[in-house]
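Going left to right, the sequence shown walks through residues -21 to -1, 1 to 84 as mature numbering (1 follows the signal peptide of the UniProt record, and there is no 0) numbers them.
Structure first, commentary second.
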Amino acid sequence: MPRIALLLVGVLTLGSTAAGIAGYADLANAERQARFVCHDGERFSVAIHDDHVRFRSGTGIFTLMRTSEGDFQNPDIALSIHHDRSQLRRAGEAIKTCQQSQNAV
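Dropping the structure here:
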């Protein structure tokens, strides 16, 4: 195998490992974690921190900043969490009402 290919494999492996560790650290430091299922069947999970949430769904992992108690957003996603219910709004889509779930995302 050429040296450049070995170097590329090493760099990609290191990058993947670092990203995995960072994601785990973010989950480990979360105040609370929760899973939700929406009426249309969409599922997502959140790791809730003091000033943000890590929002994980089938479309990716996103950081949403806290705007007020229980409300989080980034330019494309707004999420409101109150007890075991949430409302999810993506840019250009209708608001979805979701219920906390014990099932995996």
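Beta carbons: idealized from backbone N, C-alpha and C, even for Gly.
First through last residue of the beta strand (DSSP E) which encompasses residue i
i, result
"D50", "50 to 52"
"T38", "Taken as a continuous stretch (DSSP letters only), T38 belongs to no beta strand (DSSP E), as it is neither H nor E."
"Q12", "11 to 17"
"A57", "56 to 61"
"Q81", "Taken as a continuous stretch (DSSP letters only), Q81 belongs to no beta strand (DSSP E), as it is neither H nor E."
"I27", "22 to 27"
Reference residue i; option with closest CA among the options
i, options, result
"H28", "M44, A9, T42", "A9"
"T46", "A73, D30, S80, S36", "D30"
"R22", "S36, Q81, R11", "S36"
Residue i, buried or exposed, once every other Cβ within 10 Å from all chains shown has been counted against 16
i, result
"A26", "buried"
"R33", "buried"
"I60", "buried"
"I56", "buried"
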